[in-house]
Amino acid sequence: MKTISEKILSAKSGRDARAGDIVVCRVDWVLATDASSPMAIDYFNRMGGERLFDPSRVLLAMDHYSPPTIPRTAGFHDQMRTFARGRGADLHDVGDGISFQILSESGAALPGDLVIGADSHTVTCGALNLFATGVGSSDVAAAMITGRTWLKVPESIKIVLTGTRRPRVSAKDVALALVADIGADGASYQALEFHGPALPGLSLEDRLVICNMAVEMDAKASIFPVDGQTEAYLAGRAKRPFSPIEADASAAYSRDVAIDLSSLTPRIALPHAPDNVVPIERAVGTPIHMVFIGTCTGGRVPDIHEAIAVLEAGGGRIAPGVQLVVTPASREVQLRLLEDGSLRALAAMGAVITTPGCGACCGTSGAIPADGMNVLSTANRNFKARMGNANAAIYLASPAACAAAALTGRITDPR
Amino acid sequence: MSAMDLHGRARVFGDNINTDYIIASTRKRETLDESVLKRYLMEAVDPAFAATVRPGDLLVAGRNFGCGSAMEIAATVILAAGIRAVLARTFARTFYRNAINNGLLPIECDTSAIREGDPLRIAFAADGMEVTDERTGERAAGRAVPPIMLAILEAGGLVPYIRRHGGIR
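Same order as they appear, the protein sequences are chains A and B. Under my numbering, the first residue of the first sequence is numbered 9, with each subsequent residue one higher. Under my numbering, the first residue of the second sequence is numbered 199, with each subsequent residue one higher.
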C-alpha cells in the first residue's frame with residue numbers, strides 16, 4: 009500500500025521503496041538555471057564529467073539573470089552556452105522563461121516522472137503528478153553524468169481540500185493558508201500529496217501555484233493526482249502516452265491536513281517570512297510603493313488575467329507613486345498575453361513589462377525597490393533583502409490583491 | 199579522539215536562517231569566488247559577523263537552518279570562512295545535502311542551551327556524534343547521518359566520491 013511518492017520512487021529505483029528507505033533512482037529530467045549552472049559545470053568538470061547521460065534530458069535555462077545587468081552574469085550565460093553547445097543539452101536562452109515552467113509546458117515531463125533541479129522551486133512540477141525536487145549544483149552535476157541520484161523516500165502529508173473557493177480567492181491564498189498551517193519547516197523531509205473533492209475546481213495552473221510554495225514548508229515534493237484538469241492541460245502537449253500514478257486507498261500518511269476552500273479568505277504574508285501569514289484585512293491600509301506580478305508563483309496566464317480583471321473593474325488607473333512591474337514566467341506565457349492583448353492593456357495602464365524569467369523576485373534582474381519602500385508581490389519569498397534591498401519590506405499575496413493595491417496604493421482587500 | 203573531532207567557538211544564530219541570509223543572491227551575482235563572498239557571510243542578519251569570524255568557529259542555529267533557495271554557495275561560503283561544522287536543531291533538506299556534498303558537517307542536535315562564544319567539542323563515534331559545551335558541561339547527541347551521506351562525507355564530498363566510485367552506489 010503506497011503513496012504516490014513511494015510508487016514513483018519504487019519504479020525509478022527498481023526496488024520496493026517505502027518511506028524512510030534510501031534509494032538510487034534513474035532521473036528523467038535534470039534542470040539547472042543560470043544561478044546554479046556555473047557551479048554545476050564546475051562540479052561536472054571536477055567529477056571528471058565529459059558527456060551528458062542523455063543530452064535531451066538535461067535542461068539549462070537562463071532565468072535568474074534575465075537579461076544580464078553586469079558583465080559577470082553575461083559571462084555565466086556564455087559559459088552555459090559553451091557547455092550546452094558542446095554536449096547537446098536542451099538550452100533555453102534569455103527570455104525563454106523559468107526552468108521548471110519551461111519543463112511543465114513542454115509536454116516532455118509527464119505523470120510518473122522523476123525531476124531534479126538545481127532550483128528549490130523545482131517542486132512546482134509535481135502539479136503534473138510527478139516527483140520533482142530541488143537539489144544543489146553538485147547533485148545536478150552528478151546526475152548529468154550518471155543519470156542517477158540518491159533519495160530518501162519521504163513520508164507524505166495528506167492534504168485534503170474540500171469546498172469551492174469564493175470569488176477573488178486565488179490558488180495563492182490556498183498556498184499561503186497551507187504555509188501558515190504547516191509552518192516554515194512543518195513538511196521537512198516529507199512530500200505533500202493532494203486529495204479531496206475540491207481538486208476538480210483547481211486548474212493545472214492553480215496546482216502549479218500550490219506546489220510551488222511547498223518548499224516554503226521545506227517539503228521535498230508536492231504531488232497532485234491526475235484528473236480531467238491534468239488531461240486538459242496535457243492534451244496537445246504530451247509527447248508520449250502516460251499512465252496516472254494513484255495512491256493506494258490504504259497508503260500510510262504522516263498526518264492529514266484539511267482545508268475547506270469555501271471558508272478561505274484572501275491572505276497576505278507580512279515581512280520577512282513566507283509563513284508570517286494573516287488574513288488580508290489585518291494589513292489593509294499599509295502603503296505600497298511597488299507591485300510585482302510575476303515569478304514562478306504568480307507569473308502565468310491565469311495570474312495575469314486575474315490581475316487585469318481587478319485592475320479593469322477598478323477603472324484601470326494605477327495609483328500615483330506606485331510602480332507596477334509585470335514579468336511573464338515564460339515565453340509561452342508572454343506570447344499568449346501578447347496575443348490576447350493582456351500585455352497591451354497593462355502597458356497602457358503604465359505597467360513596466362519585463363523579460364520572462366525570475367524578474368525582480370531575488371534582486372538579480374529587474375526592478376529593485378528603494379530604501380523604505382513596501383512591495384506587494386505575487387512571489388513566494390519575502391526574506392529581508394530578497395529583492396536586492398535590505399531596507400525594503402516585501403509582502404506576498406495573490407495577483408488579485410496585488411492588482412487591488414496597484415489601484416489604491418495601499419494594501420486592499422480584493423473582494 | 200578521532201582525526202575528525204572538532205573543537206571551536208560557537209557563533210549563534212536563531213531559527214529559519216535562509217540561504218539568502220547566509221549569502222545574498224545579489225552578492226553571488228557579482229562573483230562565485232568564496233574567498234571574496236565570505237566577507238558578506240550572514241550579512242543580512244548580522245553585518246558585523248563576517249569581520250569577526252575565525253577559522254575553526256562553529257555555526258550554531260535553531261530550527262530549519264538553510265531554508266529557502268537551494269544555492270550550494272551557501273554551504274561553500276561557510277567552508278571558505280574556515281567553519282567546518284554547522285549545528286542546528288533541524289536543517290532544511292537542500293542545505294543538509296549541499297553541506298554533505300562539500301564536506302561541511304551538518305550536526306542535528308539540541309542547540310537551545312548553547313550561547314555565543316561557548317567552546318564546543320564535537321566527538322565522533324560509531325553510532326553518531328556527541329557535542330559537548332565546555333562552558334556548561336552539557337552534552338547533546340547529534341542525529342546519525344545516513345550511510346550514503348556518511349560515505350560521501352568520508353570521501354571528502356561528492357566530487358571525490360564520484361571520482362572514486364564512478365557513480366552513485
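Ideal Cβ positions, reconstructed from N, Cα and C, are used throughout, including at glycine. These numbers come from a predicted model, not from an experiment.
Query: For Arg-423 (chain A), name the three-state secondary structure that DSSP assigns.; Result: coil
Query: Which whole-angstrom value describes the C-beta separation of Leu-186 (chain A) and Ile-267 (chain A), a residue pair presumed to lie in contact below a C-beta threshold of 8 Å?; Result: 7 Å
Query: By DSSP, does Cys-366 (chain A) sit in helix, in strand, or in coil?; Result: coil
Query: Measuring CB to CB, does Arg-227 (chain B) end up less than 8 Å from Arg-80 (chain A)?; Result: yes
Query: At which residues does the alpha helix (DSSP H) containing Phe-293 (chain B) begin and terminate?; Result: 291 to 299
Query: Could you please give the first and the last residue of the uninterrupted beta strand (DSSP E) stretch that includes Met-357 (chain A)?; Result: That residue, Met-357 (chain A), is in no beta strand (DSSP E); its alpha helix (DSSP H) goes 350 to 357.
Query: If you check the beta carbons only, do Met-225 (chain A) and Ile-190 (chain A) fall under 8 Å apart?; Result: yes
Query: Which first and last residues belong to the alpha helix (DSSP H) in which Ser-74 (chain A) is found?; Result: Note, Ser-74 (chain A): premise wrong, no alpha helix (DSSP H); not H, not E.
Query: Relative to the C-alpha of Gln-109 (chain A), which candidate in A:Ser-385, A:Asn-390, A:Ser-128 and A:Ile-361 has its C-alpha closest?; Result: A:Ser-128
Query: Could you have a look at Arg-290 (chain A) and say whether DSSP puts it in helix, strand or coil?; Result: helix
Query: Does the beta-carbon of Lys-10 (chain A) have 16 or more other beta-carbons within 10 angstroms, so that it is buried, or is it exposed?; Result: buried
Query: Distance cutoff 8 Å, beta carbons only. Does Trp-158 (chain A) sit that close to anything in chain B?; Result: yes
Query: For the alpha helix (DSSP H) that contains Arg-54 (chain A), what are its first and last residues?; Result: 45 to 54
Query: Looking only at its own chain, which residues have a Cβ that is under 6 Å from the Cβ of Asp-255 (chain B), when we skip the five neighbours before and after it?; Result: Gly-206, Arg-207, Arg-209 and Ile-281
Query: Please list the segments of the beta strand (DSSP E) lying wholly inside the stretch 243 to 283 of chain B, counting only runs of 3 or more residues, in order along the chain.; Result: 256 to 259
Query: Go ahead and label Lys-247 (chain A) buried or exposed: buried means 16 or more other beta carbons lie within 10 angstroms of its beta carbon, across all protein chains shown.; Result: exposed
Query: For Arg-225 (chain B), report the span of its alpha helix (DSSP H) as first-last.; Result: 223 to 226
Query: Who are the Cβ neighbours of Arg-215 (chain A) in its own chain at under 6 Å, not counting the five residues just before and after it?; Result: Ala-135 and Phe-232
Query: Can you tell me which of A:Val-341, A:Leu-278 and A:Ser-338 puts its alpha carbon nearest to the alpha carbon of Asp-400 (chain A)?; Result: First, the amino acid is wrong: residue 400 (chain A) is Ala here, not Asp. Considering only alpha carbons, the answer is A:Leu-278.
Query: Within 10 angstroms of the Cβ of Val-329 (chain B), are there 16 or more other Cβ atoms? Answer buried if so, exposed if not.; Result: buried
Query: I believe Gly-355 (chain B) touches Gly-301 (chain B) by the beta-carbon criterion, under 8 Å. Please report the beta-carbon distance rounded to the nearest angstrom.; Result: 4 Å
Query: Within 8 Å of any Cβ in chain A, is that where the Cβ of Met-199 (chain B) sits?; Result: Only weak support is given to the placement of Met-199 (chain B): the predicted model assigns it a pLDDT of 41, under 50, and the question is left unresolved by the model.
Query: Just by C-beta distance, which residues in the stretch 348 to 360 of chain B are closer than 8 Å to chain A?; Result: Gly-355, Leu-356, Val-357 and Ile-360
Query: Check whether the Cβ atoms of Ile-326 (chain A) and Met-357 (chain A) lie closer than 8 Å to each other.; Result: yes
Query: Can you tell me whether Arg-295 (chain B) is buried or exposed, with buried defined as 16 or more other CB within 10 angstroms of its CB?; Result: buried
Query: Between the Cα of Tyr-197 (chain A) and those of A:Ser-262, A:Ala-40 and A:Arg-93, spot the shortest distance and give me the residue it belongs to.; Result: A:Ser-262
Query: Taking the alpha helix (DSSP H) that Met-152 (chain A) falls in, what are its first and last residues?; Result: 145 to 154
Query: Note down, in chain order, every chain B residue with its Cβ under 9 Å from the Cβ of Ile-165 (chain A).; Result: Simply none; closest approach about 14 Å.
Query: What residues of chain A sit near Cys-307 (chain B), judged by a beta carbon separation below 9 Å?; Result: Ordered by position in chain A, no residue passes the 9 Å Cβ test against Cys-307 (chain B), which lies about 16 Å from the chain.
Query: Whose C-alpha, out of A:Ala-227, A:Ala-259 and A:Leu-212, is nearest the C-alpha of Thr-238 (chain A)?; Result: A:Leu-212
Query: Which bits of chain A does Pro-344 (chain B) rub up against, with CB to CB less than 8 Å?; Result: Ile-30 and Lys-160
Query: From His-363 (chain B) to Ala-48 (chain A), what distance separates their C-alpha atoms?; Result: 19 Å
Query: What distance in whole Å lies between the Cβ atoms of Ala-126 (chain A) and Val-143 (chain A), which are believed to be in contact at a cut-off of 8 Å?; Result: 6 Å
Query: Is there a Cβ of chain A sitting closer than 8 Å to that of Ala-221 (chain B), yes or no?; Result: It is Ile, not Ala, that sits at residue 221 (chain B) in the sequence shown. By this cut-off, Ile-221 (chain B) is not an interface position.
Query: Can you list, in chain order, the stretches of the beta strand (DSSP E) that have 3 or more residues and sit fully within the stretch 196 to 280 of chain A?; Result: 198 to 203, 229 to 231, 263 to 268 and 275 to 277
Query: Kindly say whether Met-88 (chain A), judged by its beta-carbon, lies nearer than 8 Å to any beta-carbon of chain B.; Result: no
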